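Read the structure below first, then the notes.
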Amino acid sequence: MLKVDTGLDVVTGAFSYSGRAIADRLVAAGRSVRTLTGHPSRRPPGSAVSIAPLVFDDPDALAESLRGVTTLYNTYWVRFAHGDVDHDVAVANSTALFGAAHAAGVQRIVHVSITNPSVDSPYAYFRGKALVENALATSGVPHAILRPAILFGGDGVLLNNIAWLLRHVPVFAVGGDGRYRIRPIHIDDLAALAVEASTWAGNATVDAVGPERPTFRELIESIRSAVGSRSLVVPVPHLVIPLVSRLVDVALRDVLLTGDEYWAMVDGLADTDAPATGTTAVSTWLADNRNRLGRSYANELERHFR
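Adding 45 to a residue's 1-based position in the sequence shown gives its number in our numbering.
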């Protein structure tokens with residue numbers, strides 16, 4: 046348990062996934078926590094987190110909500126373009142947030158990014174993440190950048206929905222040989238690292254990754270074994286996967302996997318040689334959660350847009 050400290054911190058999206066894990070850890074440590082959110086109705090009953098609106102188009106109001114804050118934990122981003130919000134908008138919004146933090150005198154920003162971002166990336170997600178990192182670097186606020194690849198644990202979507210499919214479909218397609226590797230980190234390990242990063246001196250950028258580095262095929266086989274699936278895992282040409290994903294999206298009224306997400310994983314962008322910063326092994330977690338994993342489908346569009 047962290048030392049009790051009654052200072053004020055702000056977490057963007059504290060009622061969502063990574064933001065909730067960070068906020069819960071801060072509250073348990075005795076910190077006062079405020080969230081900036083566009084979804085106040087998601088507040089869990091009995092939550093100790095106070096609420097301020099996430100108003101990117103009102104810099105004065107945004108700065109006022111950050112005044113007196115020790116650390117801003119930023120988890121804001123968009124996974125895919127939807128409606129009038131795309132990655133370019135998310136970059137502009139993030140830049141506005143950092144500007145407001147500087148104007149308000151925020152002492153430090155801990156920002157959640159992604160492994161292997163690049164302004165030259167062909168993938169909008171990774172290119173946008175790199176542009177946000179650049180905006181933070183020029184914001185004038187001391188900061189730490191955490192770069193996770195794939196998150197699991199809690200009410201995470203990705204591994205749960207893979208398990209759901211493996212429980213329900215007779216055949217599960219894997220693109221190519223499936224040997225592209227990933228570095229998943231447990232959501233609680235990411236939250237612990239984020240809180241720790243608030244105490245670091247100076248600016249820092251760290252890959253936030255777990256202790257295991259399975260290939261995608263190995264991960265699918267591990268999930269299949271954990272949930273007792275009889276689904277046949279078969280390799281298919283890479284080009285088939287985005288087509289199948291779109292068909293599944295229509296059937297589920299959701300976005301299961303974007304083309305950019307798939308090709309970025311194949312290109313190795315969910316992998317890194319960096320030392321582990323998390324301690325929870327995904328293989329152990331799968332075994333411990335075999336009975337509940339994939340019992341229901343987690344709809345991303347319903348969670349964030351409907």
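Built from N, CA and C at the ideal position, the CB exists for glycine as well. Only a predicted model underlies this, so the values are computations on that prediction, with no experimental measurement involved.
Find the nearest neighbour of Gly185 within the set Arg192, Val214, Thr140 and Leu210, judged by alpha-carbon distance.
Thr140
Which residue marks the beginning of the beta strand (DSSP E) containing Ser77, and which one marks its end?
Ser77 to Thr82
Contact between the segment 250-259 and the segment 189-200 (3+ Cβ pairs under 8 Å):
yes
Measure the C-alpha to C-alpha separation of Thr160 and Pro90 and round it to an integer number of angstroms.
34 Å
Which of helix, strand or coil does DSSP assign to Tyr307?
helix
Specify the secondary structure class of Tyr170 as computed by DSSP and reduced to three states.
helix
Between Thr116 and chain B, is the shortest Cβ-Cβ distance under 9 Å, so that the two count as touching?
Of the protein chains in this structure there is only one, and it is not chain B.
Nearest-angstrom Cα distance between Val114 and Arg348?
28 Å
Determine the burial state of Val94: buried for a count of at least 16 other Cβ atoms within 10 Å of its Cβ, exposed for fewer.
buried
Could you tell me which whole beta strand (DSSP E) segments of length 3 or greater appear in the segment 254-335?
277-281
Quick one: Cα of Arg228 to Cα of Asn336, how far?
24 Å
Best match in Val55, Asn334, Gly75 and Ile67 for proximity to Asn205 [C-alpha to C-alpha]:
Asn334
Please report how far the alpha carbon of Ala319 lies from the alpha carbon of Val272, in whole angstroms.
30 Å
Which value, in whole angstroms, describes the spacing of the CA atoms of Gly39 and Pro104?
With the chain covering 46 to 351 only, the question about residue 39 has no answer from this structure.
Which residue or residues does DSSP assign as beta-bridge partners of Phe197?
His231
DSSP state of Pro98, grouped into three classes?
strand
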